[in-house]
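Visitor:
Numbering (our numbering), first residue to last: 18 to 357.
1) Would you call residue 285 buried or exposed, if buried means 16 or more other Cβ atoms sit within 10 Å of its Cβ?
2) So who's on the other strand from residue 62, going by DSSP bridges?
3) Output the residue ranges of the alpha helix (DSSP H) runs that lie fully inside the stretch 21-60 and measure 4 residues or longer, sorted by chain position.
4) Comparing C-alpha positions only, which one of 44, 262 and 289 sits nearest to residue 161?
5) Rounded to whole angstroms, what's the CA-CA distance from residue 172 to residue 270? Just pull it up for me.
6) Assuming residue 120 is part of the beta strand (DSSP E), what are its boundary residues?
7) Which same chain residues, not among the five before or five after residue 268, have their C-beta less than 7 angstroms away from its C-beta?
8) Should residue 209 and residue 176 be called a contact, given that it needs their Cβ atoms to be closer than 9 angstroms?
9) Quick check for students: name the residue ranges of the alpha helix (DSSP H) that lie wholly in the stretch 266-319, counting only runs of 4 or more.
10) Could you compute how far the alpha carbon of residue 263 sits from the alpha carbon of residue 31?
11) Between which two residues does the beta strand (DSSP E) carrying residue 19 extend?
12) Can you say whether residue 230 is buried or exposed, counting buried as having 16 or more other CB atoms within 10 angstroms of its CB?
13) Relative to the C-alpha of residue 197, which candidate in 153, 48 and 265 has its C-alpha closest?
14) Since residue 191 and residue 308 are thought to touch, with beta carbons under 8 angstroms apart, how far apart are those beta carbons, to the nearest angstrom?
15) Out of 212, 330 and 253, state which residue places its alpha-carbon closest to the alpha-carbon of residue 353.
16) For a cutoff of 9 angstroms on Cβ pairs, would you count residue 152 as touching chain C?
17) Express the C-alpha separation of residue 75 and residue 107 in angstroms, rounding to a whole number.
18) Which one of 298, 150 and 165 has the shortest CA to CA distance from residue 139?
19) Would you give the residue range spanned by the alpha helix (DSSP H) that residue 98 belongs to?
20) Is the separation between the beta-carbon of residue 150 and that of residue 252 shorter than 9 angstroms?
21) Answer with buried or exposed for residue 339, where buried requires no fewer than 16 other C-beta atoms within 10 angstroms of its C-beta.
See the structure below:
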């Protein structure tokens, strides 16, 4: 992929390109004709610019002659350009084994001369592996989960659950901000906002207190699955990590899974919290995630949530609930935002 710019400061362009999944590295380069004299001038220019900014002592030339019709072979191009540098640029030597920098010359339809290889995120282009619906809370984990699955080629939409007016509008704005940050990596995304207060009230009134969290979680999965099926989304994505909180035990995750038929991807399942935080800081969601606004998961939070739920017990508790009615009403009243 070639990006042309007339801007002298192309750092904003590099920053944007780094967020495009599928790009392994970005190299600011000089493009010239496939002519040795033109290549020599480009080599001198780029090396002088590099030495004016960095204390470089040694270099090595690497030539990649993609166009085999070019009459001079790669080793000879490298040898001659190394000589050009030594003759015209002061204070630098050749080191073929452990150089401070590499000077790259790619000979294709034109010649490209560059030094820096700025690392991108790699991965696969967004949308090449299907669509995923991310359960996006206001916490640290779920934006990271969305980032990682977008990196594997999933087109991401988000679904956020709230309990307004028991949770504030600021909490929802926080999630929309997280979605906007995430969209700088995923591209435009749809955010479904679903009020589950009535569901939580029903659970609180009719079911054992210690099952509140797992029952709420199963409703979230059912709602997400129904929306995903309606909108041709292939999988659900969560930020759950094994053992991190009471509901994220093996038994808890198993009972959660049993509420739906759709696959649930959990890219953080084996991550330590510190590793998740590192990624959140890297992708710039961390500072927003730690803003102290309550979410729906803290409402009706049991003092001692069940950590090893049995599916038979949970399903027995759900018999007192009008599951389909509650799910359909929540979806009918949801809001949809288009985030860019």
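Just so it is clear, CB atoms sit at the ideal spot from N, CA and C, and this is done for glycine as well.
Guide: Answer, in terms of the structure:
1) It is buried - the Cβ of residue 285 has at least 16 other Cβ atoms within 10 Å.
2) Per DSSP, none; premise fails for residue 62.
3) 28-35
4) When each option's Cα is compared against that of residue 161, the closest is 289.
5) 24 angstroms
6) 118-124
7) 325 and 326
8) yes
9) 267-274, 290-299 and 303-306
10) 42 angstroms
11) Segment: none, residue 19 is in no beta strand (DSSP E) and carries neither H nor E.
12) Note on residue 230: 16 or more other CB atoms within 10 angstroms of its CB, so buried under the neighbour-count rule.
13) 153
14) Confirmed, about 6 angstroms.
15) Out of 212, 330 and 253, 212 has the C-alpha closest to the C-alpha of residue 353.
16) No chain C appears in this structure, which consists of one protein chain only.
17) Using only the alpha carbons, I get a separation of about 11 angstroms.
18) 165
19) 91-105
20) yes
21) exposed
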